[in-house]
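Chemist:
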């Protein structure tokens with residue numbers, strides 16, 4: 809059972825990484841708009857926002 | 017809702033659907049030879065633009081905008097003005113510019129698609145991103161390649177008229193707070209989860225036996241995880257408690273902070289001594305749950321505030337001025353108006369600044385500023401005020417005062433002042449927190465002293481256990497959860513509540529002050545009474561078709577389909593009436609005095625008793641004469657809303673006193689009061705905005721005041737009232753000042769607001785009783801020494817969960833009102 813002395817800190821390290829990821833995402837504004845990205849994902853052509861990029865013709 | 021999956025055009029069978037919006041094409045616009053039919057020019061243009069740029073995929077969306085495209089036709093020149101740029105446009109990297117625009121008419125996935133493809137339509141637009149919930153587009157463009165004005169015009173042509181988003185600063189601050197709160201929840205949630213996993217191991221070990229070294233290890237790790245939770249995200253509660261002590265105003269944060277600190281300190285000491293309970297699981301979970309409750313509460317209130325702010329962005333933002341040098345006209349943003357400039361104001365436009373008329377005659381609707389529902393005739397030399405509406409003819413106005421110095425600006429400043437002065441409402445939970453702290457502390461000390469005499473070894477632990485188990489977690493959640501649920505449900509019914517305070521205040525019935533124009537009435541001039549032969553109607557309609565005076569418009573609305581007659585030799589007299597020849601007869605329509613001048617002398621000389629009768633009912637009299645004889649009499653007024661009487665009766669039944677407070681003429685207000693069954697002593701007319709404010713402040717000294725209004729003239733009074741309510745279609749200022757905004761017409765939503773608030777408070781009260789019952793149970797167990805850590809660990813989340821459940825199940829705003837108060841609104 810002494811493996812616990814190693815595995816517990818390791819588990820907490822994983823938690824720390826997850827929390828750090830969450831904070832980064834929140835800071836970047838990933839949770840500001842929760843409605844539009846869901847719709848955007850279903851649009852057929854990946855609008856890269858640059859002029860002249862032709863959208864695919866087949867619906 | 018359109019369901020046409022066909023990508024190319026509409027089926028040719030009748031009834032034809034518009035190729036762009038999918039609505040039926042009016043018969044007059046059907047073109048038998050065309051492949052595609054359009055319901056209007058706007059749709060035709062939008063279709064052509066999409067087709068030309070290869071964006072037909074838009075028509076593959078099942079759910080599309082199902083309203084015809086109606087461009088405003090504005091040129092959006094003001095968007096390129098320096099003053100506009102300074103206010104709303106921000107520079108971005110690479111010489112680009114960005115702006116936030118509020119778009120009208122966006123509501124579904126296809127709108128997102130179309131708006132975000134504007135870069136394909138206009139060279140120079142780099143990015144367009146739409147936030148559908150807030151109806152806000154973030155646009156990035158290259159100012160060297162394209163102007164913002166043309167981007168705005170393009171959006172307008174597609175059917176999304178843009179407006180500058182006002183209040184970017186406030187929004188940025190809210191966003192920062194939201195993110196900070198989200199991070200707190202994330203951190204405390206992760207920590208609480210892990211502390212509880214460790215606690216599970218410890219509890220299991222407590223039953224089945226555990227080696228001491230592991231137990232000590234787990235307890236130490238729990239401590240290490242609790243420290244960041246309590247002093248990171250949980251610091252919020254200590255701040256609240258400190259503020260509560262410093263300002264000597266009791267707040268729910270105080271007992272929470274005491275419990276958290278007591279549990280943590282005792283736990284930390286016990287960790288090192290190796291004996292006794294550690295409470296870390298309870299502390300970690302409390303921080304997480306309480307933060308979640310607070311986050312939900314903020315979010316619900318923000319959604320309502322956001323919605324009201326967006327409506328505010330719809331206010332007019334441009335004025336058309338005459339260029340001194342060239343004599344030409346151009347649009348400038350209202351922020352760029354300066355005294356001395358000459359602006360032209362078309363009929364139907366709102367004055368953007370205070371000024372003197374230098375050319376033209378017209379009628380002005382001043383209801384926004386004064387509450388007077390009848391239009392006022394103006395001519396050269398008259399002073400007009402920002403916020404009022406030019407009704408009939410084009411005017412040239414020399415600006416005297418603009419922006420903050422205008423009468424409107426001054427009123428708005430007063431409104432902000434009275435909003436600042438307003439004392440915040442003491443929430444029920446916070447007022448309970450007061451004696452809650454006292455009782456818990458007294459009992460804990462008593463338990464400790466008693467314990468010292470009888471069982472000195474466990475005295476401290478029992479007292480601490482008491483403090484922890486009585487942490488008012490459920491009490492802290494009770495109010496925010498119930499109010500959040502209530503506010504969310506109310507928003508779905510078109511009642512936007514900006515703060516929980518409003519809900520709590522509405523629980524105690526008091527005085528309701530109703531503005532008249534636009535609130536209990538429709539705020540429009542209508543034909544109310546017709547005394548005369550029906551045969552006269554087409555003749556009058558023919559004559560009034562030549563005019564755009566409010567009375568004429570009311571007549572056109574009253575009889576939209578009458579056989580067409582032609583009027584010739586039409587002559588209008590401002591402030592008098594209109595005359596002309598219809599079907600060979602000479603017809604005169606106008607004020608009694610105007611008509612009397614034009615009829616046979618002996619008939620016109622005696623005063624007509626009907627004038628008096630009309631005035632008593634609050635109607636504007638209009639007489640009609642044919643070939644020198646008065647043949648008909650019409651009364652015009654501002655009719656009551658259909659649900660006004662029923663709603664007011666219902667509010668009275670709920671214990672409120674209802675009074676009218678209007679800027680309109682006292683006679684009109686009295687007439688309205690009579691129709692509504694309001695005591696004449698409670699009907700105040702002719703009140704200036706300043707008087708309204710005074711009236712509200714006086715009444716506040718005596719109890720709850722609910723002020724309901726729609727105009728700028730009500731804004732200060734709305735801000736000063738215990739609860740201010742802005743109604744559908746009201747002015748921006750009254751919406752900003754209001755605690756509640758009713759997005760549906762009529763007074764029905766007001767009844768729902770009052771009843772829903774009562775029910776929400778009932779849920780809150782039940783929650784509080786519930787949570788206190790749990791606390792009493794926990795405290796008795798602790799006092800008797802029966803409270804081992806495991807029972808405490810079960811009891812605490814149980815109390816919170818039951819409060820969550822009760823709030824979620826509670827019937828607040830989604831119940832149909834008891835009285836059929838608003839049949840028209842549904």
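Protein chains in written order, with our numbering: chain A, 809 to 867; chain B, 17 to 842. Every residue gets a Cβ at the ideal spot worked out from N, C-alpha and C, and that includes glycine.
Which runs of the beta strand (DSSP E) at least 3 residues long sit entirely within the segment 138-186 of chain B? Give them in chain order.
Modeler: The segment 138-186 of chain B contains these whole beta strand (DSSP E) runs: 141-147, 152-157, 178-180.
Chemist: Which full runs of the alpha helix (DSSP H) of 4+ residues lie inside the segment 217-261 of chain B, going along the chain?
Modeler: Whole alpha helix (DSSP H) segments, 4+ residues: 228-247.
Chemist: Output the distance between the C-alpha atoms of residue 614 of chain B and residue 644 of chain B, rounded to the nearest integer angstrom.
Modeler: Cα-Cα distance, rounded: 6 Å.
Chemist: Give the residues of chain B in contact with residue 812 of chain A, contact being defined as C-beta atoms less than 8 Å apart.
Modeler: Result: 230, 233.
Chemist: Against chain B, with Cβ distances strictly below 9 Å, would residue 818 of chain A count as a contact?
Modeler: Chain B contact via Cβ: absent.
Chemist: When you compare the CB of residue 821 of chain A with every CB in chain B, is at least one pair closer than 9 Å?
Modeler: False, the Cβ-Cβ gap to chain B never drops below 9 Å.
Chemist: Could you tell me if residue 841 of chain B is buried or exposed, where buried requires 16 or more neighbouring beta carbons within 10 angstroms of its beta carbon?
Modeler: Any answer about residue 841 of chain B is weak, because its pLDDT of 35 lies below 50 and its placement is not dependable; what the coordinates show is given next. Flag for residue 841 of chain B reads buried.
Chemist: Got a sec, what are the start and stop residues for the alpha helix (DSSP H) residue 349 of chain B sits in?
Modeler: Run containing residue 349 of chain B: none in the alpha helix (DSSP H); it sits in the beta strand (DSSP E), 345-349.
Chemist: Please name the residues in the segment 192-208 of chain B whose beta-carbon is closer than 7 Å to at least one beta-carbon of chain A, in chain order.
Modeler: So the list reads 195, 198, 199, 202, 203, 206, given in the order they occur along the chain.
Chemist: Taking only beta-carbon atoms, is residue 303 of chain B less than 9 Å away from chain A?
Modeler: For residue 303 of chain B, the answer is no, since every Cβ of chain A falls outside 9 Å of its Cβ.
Chemist: Buried or exposed: where does residue 126 of chain B fall if 16 or more other Cβ atoms within 10 Å of its Cβ makes it buried?
Modeler: Buried.
Chemist: For my contact list, residue 178 of chain B and residue 168 of chain B are in at a C-beta cut-off of 8 Å; report their separation, rounded to the angstrom.
Modeler: Sure, about 5 Å apart at Cβ, within 8 Å.
Chemist: Which class does residue 546 of chain B belong to by DSSP, given the choice of helix, strand or coil?
Modeler: Correct three-state label for residue 546 of chain B: strand.
Chemist: Which whole-angstrom value is the C-beta distance of residue 83 of chain B and residue 121 of chain B, which I expect to be below 8 Å?
Modeler: Contact flag correct, Cβ pair sits at about 7 Å.
Chemist: Taking its Cβ as the centre, do 16 or more other Cβ atoms sit within 10 Å of residue 408 of chain B, making it buried, or is it exposed?
Modeler: It is buried - the Cβ of residue 408 of chain B has at least 16 other Cβ atoms within 10 Å.
Chemist: Let me know if residue 791 of chain A comes out buried or exposed under the rule of 16 or more other beta-carbons within 10 Å of its beta-carbon.
Modeler: In the structure as shown, chain A begins at 809 and stops at 867. Residue 791 of chain A is therefore absent and cannot be evaluated.
Chemist: For residue 626 of chain B and residue 649 of chain B, which I take to be in contact (beta-carbon distance under 8 Å), what is that distance rounded to the nearest angstrom?
Modeler: Indeed, because the Cβ distance is near 6 Å, the residues count as touching under 8 Å.
Chemist: Kindly indicate the opening and closing residues of the beta strand (DSSP E) around residue 710 of chain B.
Modeler: Segment 705-716 is the alpha helix (DSSP H) holding residue 710 of chain B; no beta strand (DSSP E) there.
Chemist: Does any residue of chain A bring its CB to less than 9 Å from the CB of residue 375 of chain B?
Modeler: Taking Cβ atoms only, chain A never reaches closer than 9 Å to residue 375 of chain B, which makes this a no.
Chemist: Taking residue 834 of chain A as the query, report the chain B residues whose CB atoms sit under 8 Å from its CB, ordered along the chain.
Modeler: Correct list: 195, 198, 199, 202.
Chemist: Which residues of chain B have a Cβ atom closer than 7 Å to the Cβ of residue 825 of chain A, listed in chain order?
Modeler: None at all; the shortest Cβ gap to chain B is about 11 Å.
Chemist: To the nearest angstrom, how far is it from the Cα of residue 398 of chain B to the Cα of residue 528 of chain B?
Modeler: Looking at the two C-alpha atoms, the distance is approximately 36 Å.
Chemist: Sort B:774, B:265, B:254 by Cα distance to residue 521 of chain B and report the nearest one.
Modeler: Answer by Cα proximity: B:774.
Chemist: Quick one: grab the DSSP three-state call for residue 847 of chain B.
Modeler: As displayed, chain B neither begins before 17 nor continues past 842, which places residue 847 of chain B out of reach and without an answer.
Chemist: By the 10 Å Cβ neighbour count, where 16 or more other Cβ atoms means buried, how is residue 865 of chain A classified, buried or exposed?
Modeler: Residue confidence is low: residue 865 of chain A scores 40 on pLDDT, short of 50, so the model does not pin down where it sits. Its coordinate-derived value is still stated next. It counts as exposed.
Chemist: Quick check on DSSP: helix, strand or coil for residue 106 of chain B?
Modeler: Strand, per DSSP.
Chemist: With residue 165 of chain B and residue 91 of chain B assumed to form a contact (beta carbons below 8 Å), what rounded beta-carbon distance in angstroms separates them?
Modeler: At roughly 7 Å, the Cβ-Cβ gap stays under 8 Å, so residue 165 of chain B and residue 91 of chain B are in contact.
Chemist: Can you look up residue 342 of chain B in the DSSP assignment and give me helix, strand or coil?
Modeler: Reduced to three states, the DSSP call for residue 342 of chain B is coil.
Chemist: Do you know whose CA, among B:582, B:547, B:543, lies nearest residue 561 of chain B's CA?
Modeler: Of the listed residues, the one whose Cα sits closest to residue 561 of chain B is B:582.
Chemist: At a CB-CB cut-off below 8 Å, which residues of chain A make contact with residue 125 of chain B?
Modeler: Ordered by position in chain A, the residues that pass the 8 Å Cβ test against residue 125 of chain B are 847, 850, 851.
Chemist: Look up residue 92 of chain B in the DSSP assignment and say whether it is helix, strand or coil.
Modeler: Of the three classes helix, strand and coil, the one that applies to residue 92 of chain B here is coil, per DSSP.
Chemist: Of all the CB atoms in chain B, is at least one closer than 9 Å to the CB of residue 815 of chain A?
Modeler: Cβ-Cβ to chain B under 9 Å: no for residue 815 of chain A.
Chemist: Measuring alpha carbon to alpha carbon, tell me which of B:474, B:477, B:494 ends up nearest residue 448 of chain B.
Modeler: Closest by alpha carbon: B:494.
Chemist: Can you confirm whether residue 129 of chain B, when its beta carbon is compared against all beta carbons of chain A, has any partner nearer than 9 Å?
Modeler: Yes, residue 129 of chain B lies at the interface with chain A (some Cβ there is under 9 Å from its Cβ).
Chemist: Start and end of the beta strand (DSSP E) containing residue 572 of chain B?
Modeler: Careful: residue 572 of chain B lies outside any beta strand (DSSP E), inside the alpha helix (DSSP H) at 566-574.
Chemist: Do the segment 358-377 of chain B and the segment 404-424 of chain B touch if we need at least three Cβ pairs shorter than 8 Å?
Modeler: Yes: the two stretches touch, three or more of their Cβ pairs being nearer than 8 Å.
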